[in-house]
Every structure is written in structure tokens, then in C-alpha cells.
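Protein chains in written order, with this note's numbering: chain A, 67 to 506; chain B, 67 to 506. Cβ coordinates follow ideal geometry from the N, Cα and C atoms, glycine included.
2 protein chains.
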Amino acid sequence: MTAMTEPLRIGIAGLGTVGAAVAARLITTRADFTLRAGRDLVLAGVAARDRSRDRGFDLAGIAWFEDPVALASSTDIDIFIELIGGDEGAARAAVEAALQTGKSVVTANKALLAKHGAALSALAEKKGVALAFEASAAGGIPIVKVLREAMSGNRLSRVYGIMNGTCNYILTRMEKEKLSFEECLADAQRLGYAEADPTFDIGGFDTAHKLAILTSLAFGTEIDAEAVYVEGIGSLTLLDLAMADELGYRIKLLGVATRTQSGIEQRVHPTMVPKSSAIARVKGVTNAVALDGDMVGEITLVGPGAGGNATASAVLADIVDVARGVSRPPFGIATEHLVPASRAPMTLHAGGYYIRLMVQDRPGAAAAIATRMAEKMISLESILQRGGTTYGFESPEGTVPVVLITHATTETAVRQVLDAVVADGHVIGEPQMIRIEKEQ
Amino acid sequence: MTAMTEPLRIGIAGLGTVGAAVAARLITTRADFTLRAGRDLVLAGVAARDRSRDRGFDLAGIAWFEDPVALASSTDIDIFIELIGGDEGAARAAVEAALQTGKSVVTANKALLAKHGAALSALAEKKGVALAFEASAAGGIPIVKVLREAMSGNRLSRVYGIMNGTCNYILTRMEKEKLSFEECLADAQRLGYAEADPTFDIGGFDTAHKLAILTSLAFGTEIDAEAVYVEGIGSLTLLDLAMADELGYRIKLLGVATRTQSGIEQRVHPTMVPKSSAIARVKGVTNAVALDGDMVGEITLVGPGAGGNATASAVLADIVDVARGVSRPPFGIATEHLVPASRAPMTLHAGGYYIRLMVQDRPGAAAAIATRMAEKMISLESILQRGGTTYGFESPEGTVPVVLITHATTETAVRQVLDAVVADGHVIGEPQMIRIEKEQ
Numbered sequence: 067m068t069a070m071t072e073p074l075r076i077g078i079a080g081l082g083t084v085g086a087a088v089a090a091r092l093i094t095t096r097a098d099f100t101l102r103a104g105r106d107l108v109l110a111g112v113a114a115r116d117r118s119r120d121r122g123f124d125l126a127g128i129a130w131f132e133d134p135v136a137l138a139s140s141t142d143i144d145i146f147i148e149l150i151g152g153d154e155g156a157a158r159a160a161v162e163a164a165l166q167t168g169k170s171v172v173t174a175n176k177a178l179l180a181k182h183g184a185a186l187s188a189l190a191e192k193k194g195v196a197l198a199f200e201a202s203a204a205g206g207i208p209i210v211k212v213l214r215e216a217m218s219g220n221r222l223s224r225v226y227g228i229m230n231g232t233c234n235y236i237l238t239r240m241e242k243e244k245l246s247f248e249e250c251l252a253d254a255q256r257l258g259y260a261e262a263d264p265t266f267d268i269g270g271f272d273t274a275h276k277l278a279i280l281t282s283l284a285f286g287t288e289i290d291a292e293a294v295y296v297e298g299i300g301s302l303t304l305l306d307l308a309m310a311d312e313l314g315y316r317i318k319l320l321g322v323a324t325r326t327q328s329g330i331e332q333r334v335h336p337t338m339v340p341k342s343s344a345i346a347r348v349k350g351v352t353n354a355v356a357l358d359g360d361m362v363g364e365i366t367l368v369g370p371g372a373g374g375n376a377t378a379s380a381v382l383a384d385i386v387d388v389a390r391g392v393s394r395p396p397f398g399i400a401t402e403h404l405v406p407a408s409r410a411p412m413t414l415h416a417g418g419y420y421i422r423l424m425v426q427d428r429p430g431a432a433a434a435i436a437t438r439m440a441e442k443m444i445s446l447e448s449i450l451q452r453g454g455t456t457y458g459f460e461s462p463e464g465t466v467p468v469v470l471i472t473h474a475t476t477e478t479a480v481r482q483v484l485d486a487v488v489a490d491g492h493v494i495g496e497p498q499m500i501r502i503e504k505e506q
Numbered sequence: 067m068t069a070m071t072e073p074l075r076i077g078i079a080g081l082g083t084v085g086a087a088v089a090a091r092l093i094t095t096r097a098d099f100t101l102r103a104g105r106d107l108v109l110a111g112v113a114a115r116d117r118s119r120d121r122g123f124d125l126a127g128i129a130w131f132e133d134p135v136a137l138a139s140s141t142d143i144d145i146f147i148e149l150i151g152g153d154e155g156a157a158r159a160a161v162e163a164a165l166q167t168g169k170s171v172v173t174a175n176k177a178l179l180a181k182h183g184a185a186l187s188a189l190a191e192k193k194g195v196a197l198a199f200e201a202s203a204a205g206g207i208p209i210v211k212v213l214r215e216a217m218s219g220n221r222l223s224r225v226y227g228i229m230n231g232t233c234n235y236i237l238t239r240m241e242k243e244k245l246s247f248e249e250c251l252a253d254a255q256r257l258g259y260a261e262a263d264p265t266f267d268i269g270g271f272d273t274a275h276k277l278a279i280l281t282s283l284a285f286g287t288e289i290d291a292e293a294v295y296v297e298g299i300g301s302l303t304l305l306d307l308a309m310a311d312e313l314g315y316r317i318k319l320l321g322v323a324t325r326t327q328s329g330i331e332q333r334v335h336p337t338m339v340p341k342s343s344a345i346a347r348v349k350g351v352t353n354a355v356a357l358d359g360d361m362v363g364e365i366t367l368v369g370p371g372a373g374g375n376a377t378a379s380a381v382l383a384d385i386v387d388v389a390r391g392v393s394r395p396p397f398g399i400a401t402e403h404l405v406p407a408s409r410a411p412m413t414l415h416a417g418g419y420y421i422r423l424m425v426q427d428r429p430g431a432a433a434a435i436a437t438r439m440a441e442k443m444i445s446l447e448s449i450l451q452r453g454g455t456t457y458g459f460e461s462p463e464g465t466v467p468v469v470l471i472t473h474a475t476t477e478t479a480v481r482q483v484l485d486a487v488v489a490d491g492h493v494i495g496e497p498q499m500i501r502i503e504k505e506q
């Protein structure tokens with residue numbers, strides 16, 4: 067490792083919005099970084115595809131690499147910043163090359179960490195270098211540092227939040243402007259909040275990667291993205307949002323990791339949260355992450371979860387941390403001491419549920435549904451039935467929407483009831499089922 | 067400095083609720099701390115007044131000191147935890163003794179830092195040890211770490227928040243239950259949220275100390291608690307809270323530090339915040355701190371600002387940080403590079419104002435006030451006048467409350483108008499003036 071007073075030579079691979087923002091900032095506010103880092107931070111090399119593109123800063127004097135792995139392996143840099151993306155290919159190869167050659171790595175790559183986080187973390191530790199990834203979860207919100215360092219005195223029971231700005235933007239607009247999911251998605255794409263292929267965001271997979279990272283930090287478990295139960299927001303209708311509103315809730319796409327008696331439960335799905343809760347009030351592309359600790363109680367962090375500058379802010383903080391000296395394993399405790407996350411199966415999930423059924427408008431239908439609930443010992447907090455056109459939502463011919471809010475029950479019980487209700491032939495189409503999350 | 071694998075021997079001075087919680091936690095979850103810190107954390111010595119008191123943990127095997135300075139100077143400990151309190155006396159002497167003898171110090175003592183932070187920080191740096199103080203501002207909320215470490219890539223323009231649970235509890239209850247300030251204060255005292263002498267909390271001084279610490283971290287300035295403009299909440303009436311509510315605002319005691327053209331403005335006073343803002347929704351003893359960075363945008367942290375366990379959580383995180391190795395100066399940049407805070411005088415403060423006057427109920431009074439406003443080029447966003455009994459508030463005989471919300475103007479202009487209006491003889495009693503703070 068270089069001495070803590072020598073300049074730190076930085077190599078950045080990937081000069082998209084985040085990479086360009088990091089590079090520009092390092093160049094324009096170099097004196098500030100020298101104070102913050104206690105040493106000079108020098109942008110020594112960059113790797114990107116197109117050298118000619120104007121990125122708002124001068125490449126003169128900065129070594130140019132076509133190949134990120136060559137940059138990562140170069141002896142001209144001390145720290146490698148990976149902003150390429152993707153869980154394999156160049157990103158993985160370059161990060162491994164940097165660590166193997168004894169360089170600290172800063173990355174924003176949640177997919178890479180979700181898949182290879184444990185192995186990369188072990189390699190970083192073996193080499194005595196840092197693997198820093200503040201930018202990989204919730205963008206500008208420093209939740210990685212808070213979980214890894216500020217919660218050392220706590221046993222955490224839960225970490226949860228809104229970790230995908232695209233989904234929250236869509237849900238906020240649907241709720242406020244009564245626009246359909248499809249219209250809001252199209253707008254999000256037009257505004258650059260959603261990719262051309264939005265599956266990764268709206269399917270909940272982006273949130274799942276982030277949650278897997280936070281789960282490992284919160285519970286000292288090996289990262290296990292495969293264990294995350296994932297549902298996206300594509301099935302949500304304006305009827306559901308309106309019904310939720312009437313019942314005192316909002317619907318958010320949450321990532322939730324909880325310590326349960328049967329293990330660590332990791333889940334991503336549309337969630338009903340009380341309107342009065344802090345998380346319900348998070349609007350648009352803003353993210354929020356909350357944690358419950360046995361000493362501290364509940365802490366919530368709110369801020370921009372994406373965007374070039376906000377993400378660059380996280381990358382820059384990691385660079386300064388590394389410049390100040392590597393003192394912690396990537397996940398807070400030594401990789402060898404991370405325990406396998408004992409997966410709590412979703413069938414055992416306990417909580418309240420919102421169930422929306424399009425019920426045949428004929429005698430006995432409601433009674434039959436209520437009987438099915440009673441059979442499984444599910445008690446109800448509210449029932450809401452609306453005839454005709456509800457909130458501009460046309461019910462299928464001969465049906466009325468019926469919404470049931472259950473008291474705490476289990477996923478298994480709810481699924482069995484829904485199967486039975488569908489088999490009874492009283493409902494049309496797929497039942498909608500949304501889990502309820504309350505503040506502790 | 068001891069090697070990073072040897073046990074870290076901890077001495078705690080002050081075994082009140084925070085000290086006892088820290089000690090108990092170190093003892094009961096020792097294995098967890100060993101993982102988090104990468105070495106054993108051993109509670110080696112304690113200093114307190116009364117040895118016989120039951121504090122919920124066993125003192126056997128822990129060296130007992132009557133004198134905190136003796137503990138701080140002892141060669142049997144590596145790190146000194148100061149939880150005595152007070153800006154002079156035993157706390158200061160013990161912290162200085164610990165630093166002088168080459169020990170890292172963790173403290174929750176905002177008064178000590180506000181007064182002697184710069185000198186203690188310089189001493190810690192000179193000795194190559196840590197001076198950590200997460201618990202000194204906003205209790206369990208890790209705002210010190212976030213400002214010192216996570217915002218390295220930002221130039222901050224503002225840090226502000228609700229930093230005193232006692233005041234927020236009182237204001238929340240006044241607003242919700244329409245109880246007088248005096249009644250709510252009495253309840254706060256009964257519940258242990260307020261001291262027998264509540265001046266320090268309700269006068270705004272506690273918030274001022276915390277703000278001074280956060281200002282230094284946010285702007286890289288020497289701590290300057292003397293520069294904080296302070297107003298408490300004692301003058302707030304139910305009429306003001308009700309008027310604010312009608313106009314779309316809530317009243318909170320905020321600490322606000324802003325980078326202005328004329329220097330750093332630090333102020334603590336009752337503040338009108340839009341009901342829709344995140345800060346307006348912070349209820350009861352909860353704290354919230356927000357920061358504005360040029361890269362990250364706005365980040366808000368919400369959580370418990372006081373309480374034995376929440377504060378202990380912050381102390382424990384600092385201990386683990388120290389155990390992992392000292393890598394940063396106490397205020398993020400070397401003390402010698404902290405610049406004197408160029409004080410922005412309150413007279414230059416620019417913003418909107420709420421002004422409430424008890425106006426003589428006779429022709430010409432309102433016109434005279436409006437004329438005074440116009441003379442100083444102050445334009446109005448709203449005017450509200452209520453006759454008779456308003457919100458249960460009895461106006462003095464022959465007067466009516468008039469509330470004016472100004473557009474952005476300066477403190478000087480408002481004060482001059484109020485002086486003129488009072489001199490004109492149209493109002494009874496002291497005008498109420500509350501500054502308005504908007505989200506950026």
C-alpha cells in the first residue's frame with residue numbers, strides 16, 4: 067500500500083454520466099479533495115469506448131485505455147473505479163484484475179456485487195485492499211456507510227425502503243394524476259427515468275440487487291440475491307391505488323429484509339404503507355431507506371437514489387475513504403465470519419394483506435369468500451365493496467370489486483384462501499394481493 | 067498506538083443512562099463487537115460517583131475510579147469515553163488528560179465541543195489519536211459521520227434540522243392538543259423529556275451547540291458556537307400555531323447553518339416550514355437533520371435524537387471506528403486547515419417572515435401597517451385578520467390579531483418596520499416574528 071501522504075492515483079473505467087461527473091469533480095475541486103483526503107487525489111487514467119466524445123472535462127495528461135482490464139492492472143494507478151456495469155464481462159474481469167494486483171476498488175455495480183459480492187469481498191480482504199460500493203445501493207443516500215459503520219452497536223431487525231426511483235416515480239404519478247401504469251411508464255422513459263427495456267426496474271430486480279447488498283451489511287450474512295422474493299409493479303391498477311387511498315394507505319415498491327424466527331426474509335413487492343408513515347410520503351424519484359436497530363430504534367434516510375451527480379457523490383466519498391486508509395472489510399465484518407443467510411421462505415411471511423377481487427355480482431358470493439377466510443382463521447380489518455364504475459375503473463361485466471384488508475396472517479393462509487375462492491368460481495380474473503408493512 | 071489485533075481496553079467516565087447502556091452492551095454482546103471491530107473490546111475501567119448503585123451490569127473485574135482524570139490518565143486503558151457532561155471541570159480535564167497521554171477519546175459532550183472543540187481537535191491530531199463525537203449531535207442519527215465522511219464529494223450549502231426532542235415534543239403537543247406552552251412543558255418534565263431547569267432546551271442553547279458542531283463539519287470552519295443566533299420557543303402561542311396551520315405551515319425549532327455571500331449564517335429559532343416538507347412531519351421527540359450538497363442534492367436523516375440507548379448506539383459506533391484504526395482528523399479535514407467561520411450577521415438574513423401583531427381595532431391601523439411595509443419594499447404573500455376570540459385565544463381588549471406573511475426580504479427591513487409600527491402606536495404588546503424556511 068502506498069503511504070498515506072503520497073498522491074492517490076485514480077483510474078476510472080466507464081465514462082457515462084456517473085464516471086464523467088466523478089472525473090470532472092476530481093479535476094475541478096482538487097484542492098478540496100486534498101484537504102478531505104489528507105493527500106492529493108490524481109485522476110491518472112480512464113478507460114472508455116469513445117475517446118472523442120466531449121464529456122465536459124479535459125482528457126489531456128490522463129492516460130487513456132481502451133481496455134478496462136488493462137487500466138485495472140496498470141501500475142500507474144492505486145485505486146480502480148468501476149463504472150462499466152454488468153455482472154460479468156469487462157466489469158467483473160477488471161474488478162478482479164484490480165484486486166489481484168493489490169488495488170482498492172470502488173464500484174457502483176449492484177448486479178456484480180449481488181452475484182459475486184462474497185468472492186470479491188474475500189479477495190479484497192486477502193489482498194488488504196478496499197472494495198467500496200456506496201453508490202451501488204440507493205445512489206446518493208449513504209446507507210452502505212451507515213449500515214457498515216454507524217450501526218456497529220446494534221442488532222438490526224429490519225432494513226427496508228424505496229430503492230428504485232423509476233417505480234416510485236410511476237406510482238407517485240399514477241396516484242396523483244390518475245394515469246395508468248402504461249402512461250406513466252411511457253413518461254418515465256421519455257424523461258430518462260426508465261430504460262428502453264424497463265423490466266429490470268419495474269420488475270423489481272434492481273431493488274432486489276440493492277436489497278441483497280443491504281441485507282448482507284445489516285445482518286452480517288453472505289450476500290444472497292437468489293433468496294430475494296421479487297414481484298414488480300406491473301399488475302397494479304388505478305383501482306388498487308384508489309382503494310388503498312380510501313383505506314388510509316399508499317402503495318410503494320419496497321425492498322424489505324427482516325430477521326425472522328425462520329431466518330432472513332428478503333422480499334421486493336408492491337407494499338401498502340400507512341399514509342402517515344415517513345415512507346409513504348416519499349415522492350417521485352426520491353429514495354428512502356429505514357432500519358430498525360435494538361439500540362437506536364428506527365433511522366430513516368431520504369434522498370436522491372439515482373442520477374449522475376448523486377451517484378458520483380457516493381463514489382467520491384468512497385474514494386476519499388480509501389485515500390484515508392483501508393480499515394474495514396467490505397461488509398463490515400471479515401468475509402470469513404459472514405454467515406450463510408438462512409432463508410426464510412415467503413410462505414411463512416406473516417403480516418396484513420390487501421386482497422382485491424372482482425366478484426360475481428350475485429347472491430352468496432361475498433358470503434362464500436368470507437367463509438373461506440374464516441376457515442383459515444383470517445380475521446379482517448376492513449371490507450370495501452363498490453358497485454358500478456369505481457374511480458373511473460370499469461369492472462368487468464357483472465362483477466364488483468371487493469377489497470379485504472386482513473389482520474396479521476401468513477402468506478400460506480392467504481394463498482390457500484385465494485386458490486379456494488378462485489376455485490369456487492365467484493371471481494373473475496386474477497386476485498390482487500398486496501402485502502402491508504407497518505412502522506414498528 | 068496499539069496494534070490493530072490486540073484487545074482495545076475501554077474506560078468509561080460517567081455511568082448515567084448513556085454510560086450504563088454503553089457498558090452493558092459492551093459486556094453482553096462482546097462477541098458481536100469482536101467481529102465488528104476485528105479485535106476484542108474490553109471494558110477495562112469505569113469512573114462514576116456512586117459505586118453501590120445498580121446499573122444493570124456487573125462491575126466485577128472492571129477497575130473502578132473515583133476520579134475521571136485518573137481513569138483518563140491510566141495506562142490500563144487505550145480509549146477514554148467521556149460521558150460526564152459540562153464544558154469545563156472534570157469532563158474537560160479528563161478529555162485533555164486522555165488525549166495528552168495518547169488515548170483516543172469518544173464523547174457525547176456537545177457543550178465541551180462547542181466551546182473547546184477546535185483546541186481538543188488540534189490536540190488529538192497532534193497526538194495521532196481520535197476525538198469522536200457522533201453522540202454529541204442528534205443522538206442516534208449518524209449525522210456526524212455522514213457530514214464528515216459521506217459528503218466528501220460535495221460542497222454543502224446548508225445543514226439544518228430539528229435537533230432538540232424536548233422542543234419538538236412541546237410544539238407537537240401544542241399543535242395537536244391545543245395545549246399551552248406551559249402545560250406541555252410541565253408534561254415534558256413529568257415524562258423526563260425536559261430538565262427541571264428547561265432553559266437549556268427550550269431557550270435553543272442545546273440546539274445551538276449541536277448546530278455549531280455540524281456547521282464545522284459541513285463547511286470546514288472552526289467551531290464557533292458564539293456566532294449562533296439563538297431564539298427559544300418560549301414566546302410561541304397557540305394563536306401563532308393555529309395561524310401557521312391555516313397558512314399551510316408548521317412551526318418547528320430549527321437549527322440552520324447556511325453558506326451565504328456574507329459568510330456562514332448560523333441560527334436557531336422557531337421556524338415556519340411548509341406542511342408538505344419532510345421536516346414539518348417530524349413529530350414528538352424525533353430529530354431530523356437535512357443537508358444540501360451541490361452533487362447529492364438534499365439528504366434527510368430522521369431518528370431518535372436522544373435517549374440512553376440511541377445515544378449509546380452512537381458512542382458504540384465511535385468506539386468500533388476507533389478500534390478499526392484512526393484515519394481522519396476529528397472534523398474531517400486537518401484542524402490547521404479549518405478556516406475561521408466568517409460570520410454572516412443576522413441583520414443580513416434574507417427570507418420570508420411571519421409577523422403577528424395585536425392591532426388596535428380602529429380605522430387606519432391596518433393601512434398604517436401596510437404603508438410601513440411598502441416603505442421598506444416588503445411585499446406580502448398573505449394577510450390574515452381575525453376578529454374576536456380566535457382559536458380560543460382571547461385578544462387583548464380592543465385589538466385583533468393581524469398576521470402578515472412576507473415574500474423574501476431582509477431581517478433589517480422587517481425589524482425596522484416592526485419598530486416603526488410599534489412607534490406608531492397601533493399595536494399592543496410585542497410583535498411576534500417567525501422566520502420561514504423553505505426546502506431548496
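Problem set entry | chain B contact for Ile147(A) (CB, 8 Å cutoff) | Against chain B, the CB of Ile147(A) has no partner CB under 8 Å away; the residue lies outside that interface.
Exercise. Which residue or residues does DSSP assign as beta-bridge partners of His335(B)?
Worked result: Answer is Leu320(B).
Problem set entry | Range of the contiguous alpha helix (DSSP H) that encloses Asp384(B) | Gly374 to Arg390 is the extent of the alpha helix (DSSP H) around Asp384(B).
Problem set entry | Short Cβ contact (8 Å threshold) for Val296(A) with Val334(A) | Yes, the Cβ-Cβ distance between Val296(A) and Val334(A) is below 8 Å.
Exercise. What span of residues does the beta strand (DSSP E) with Arg224(A) cover, start to end?
Worked result: From DSSP, the beta strand (DSSP E) with Arg224(A) extends over Leu222 to Ile228.
Exercise. Does the stretch 274-292 of chain B come close enough to the stretch 176-184 of chain B that 3 or more CB-CB pairs lie under 8 Å?
Worked result: The stretch 274-292 of chain B and the stretch 176-184 of chain B touch, with three or more beta-carbon pairs separated by less than 8 Å.
Problem set entry | Nearest-angstrom Cβ-Cβ length linking Ala383(A) and Glu215(B), presumed shorter than 8 Å | About 6 Å; that satisfies the 8 Å criterion.
Exercise. Beta carbon of Ser218(A), beta carbon of Val368(B): below 8 Å?
Worked result: No; because the gap between Cβ atoms is not below 8 Å, this pair is not in contact.
Exercise. Does the beta carbon of Leu189(B) sit closer than 8 Å to a beta carbon anywhere in chain A?
Worked result: Closer than 8 Å: no.
Exercise. Considering only the beta carbon of each residue, do Ala380(B) and Gly205(B) sit closer than 8 Å?
Worked result: Cβ distance < 8 Å, so Ala380(B) and Gly205(B) count as in contact.
For this session: For Ala160(B), name the three-state secondary structure that DSSP assigns.
Result: Helix at Ala160(B).
For this session: Report, in whole angstroms, the separation of the C-beta atoms of Lys318(B) and Asn220(B), which I expect to be a contact under 8 Å.
Result: Taking a contact as a CB-CB distance under 8 Å, the pair Lys318(B) and Asn220(B) does not count as one, their CB atoms being some 25 Å apart.
Exercise. Can you list the residues of chain A that Glu364(B) reaches, using a CB-CB cut of under 7 Å?
Worked result: Near Glu364(B) (Cβ distances below 7 Å), the residues of chain A are Gly369.
For this session: Identify the continuous alpha helix (DSSP H) that holds Tyr235(B) and give its terminal residues.
Result: Note, Tyr235(B): alpha helix (DSSP H), Gly231 to Glu243.
Problem set entry | Rounded C-alpha distance that separates Ala203(B) from Ile147(B) | C-alpha separation (whole angstroms): 16 Å.
Exercise. Can you tell me whether Thr475(B) is buried or exposed, with buried defined as 16 or more other CB within 10 angstroms of its CB?
Worked result: Under this definition Thr475(B) is a buried residue.
Problem set entry | Beta-carbon proximity of Ala378(B) to Arg96(B), cut-off 8 Å | Not a contact, by the Cβ cut-off of 8 Å.
Exercise. Under 8 Å, do Val112(B) and Gly77(B) count as touching if we go by C-beta distance?
Worked result: Here Val112(B) is near Gly77(B), since their CB atoms are less than 8 Å apart.
For this session: Taking only the alpha-carbon atoms, compute the straight-line gap between Val294(A) and Ala376(A) and give it to the nearest angstrom.
Result: Answer to the nearest angstrom: the Cα atoms are 26 Å apart.
Exercise. How would you call Val405(A), buried or exposed, if buried means at least 16 neighbouring beta carbons within 10 angstroms?
Worked result: With fewer than 16 Cβ atoms within 10 Å of its Cβ, Val405(A) is classed as exposed.
Problem set entry | Ala156(B) versus Ser118(B), Thr71(B), Gly80(B) and Glu191(B), residue with shortest Cα-Cα distance | Ranking Ser118(B), Thr71(B), Gly80(B) and Glu191(B) by Cα distance to Ala156(B) puts Gly80(B) first.
Exercise. Rounded to a whole number of angstroms, what is the C-alpha to C-alpha distance between Thr68(B) and Ile145(B)?
Worked result: Low confidence applies to Thr68(B): its pLDDT is 47, below 50, so where it sits in the model is not reliable, and the reading given next is rough at best. Note on geometry: alpha-carbon atoms of Thr68(B) and Ile145(B) lie some 11 Å from one another.
Exercise. Looking only at its own chain, which residues have a Cβ that is under 7 Å from the Cβ of Leu245(A), when we skip the five neighbours before and after it?
Worked result: Arg239, listed in sequence order.
Problem set entry | Between the CA atoms of Ala262(B) and Leu186(B) - distance to the nearest angstrom | Going by the C-alpha atoms only, they are around 31 Å apart.
Problem set entry | Listed by chain order, chain B residues near Gly398(A) by CB distance under 7 Å | Against chain B, a Cβ distance below 7 Å from Gly398(A) picks out Arg102.
Problem set entry | His492(B) vs Ala440(B) beta-carbon contact at 8 Å | Contact flag unset, no.
Problem set entry | Segments assigned alpha helix (DSSP H), at least 4 residues, entirely inside the stretch 166-229 of chain B | DSSP runs (the alpha helix (DSSP H)) wholly in the stretch 166-229 of chain B: 176-193.
Exercise. Beta strand (DSSP E) containing Glu248(A): first to last residue?
Worked result: Following the DSSP letters along the chain, one finds Glu248(A) in no beta strand (DSSP E) but inside the alpha helix (DSSP H) bounded by residues Phe247 to Arg256.
Exercise. Should Asp120(B) go down as buried or exposed, given a rule of 16 or more other Cβ atoms within 10 Å for buried?
Worked result: Per the 10 Å Cβ criterion, exposed.
Exercise. Quick one: is Pro134(A) buried, meaning 16 or more other Cβ sit within 10 Å of its Cβ, or exposed?
Worked result: Pro134(A) should be labelled buried.
For this session: Starting from Leu450(B), follow its DSSP beta bridges and name the residues at the other end.
Result: In the DSSP output, where bridge partners are listed per residue, Leu450(B) has Val469(B).
For this session: Compute the Euclidean distance between the alpha carbons of Val322(A) and Ala129(B), then round it to the nearest angstrom.
Result: If you draw a straight line from the Cα of Val322(A) to the Cα of Ala129(B), it is about 44 Å long.
For this session: Let me know the secondary structure DSSP gives Ile502(A) once reduced to three states.
Result: In the structure shown, the three-state DSSP call for Ile502(A) is strand.
For this session: Label His473(B) either buried or exposed according to how many other C-beta atoms from any shown protein chain fall within 10 Å of its C-beta, with 16 as the threshold for buried.
Result: Classification for His473(B): exposed.
Exercise. Per DSSP, Met309(B) is paired with what?
Worked result: The partner list for Met309(B) (beta bridge, DSSP) is empty, contrary to what the question assumes.
For this session: Can you give me, in chain order, the residues of the stretch 195-207 of chain A that have a beta carbon less than 8 Å from any beta carbon in chain B?
Result: Cβ contacts with chain B come from Glu200, Gly206 and Ile207.
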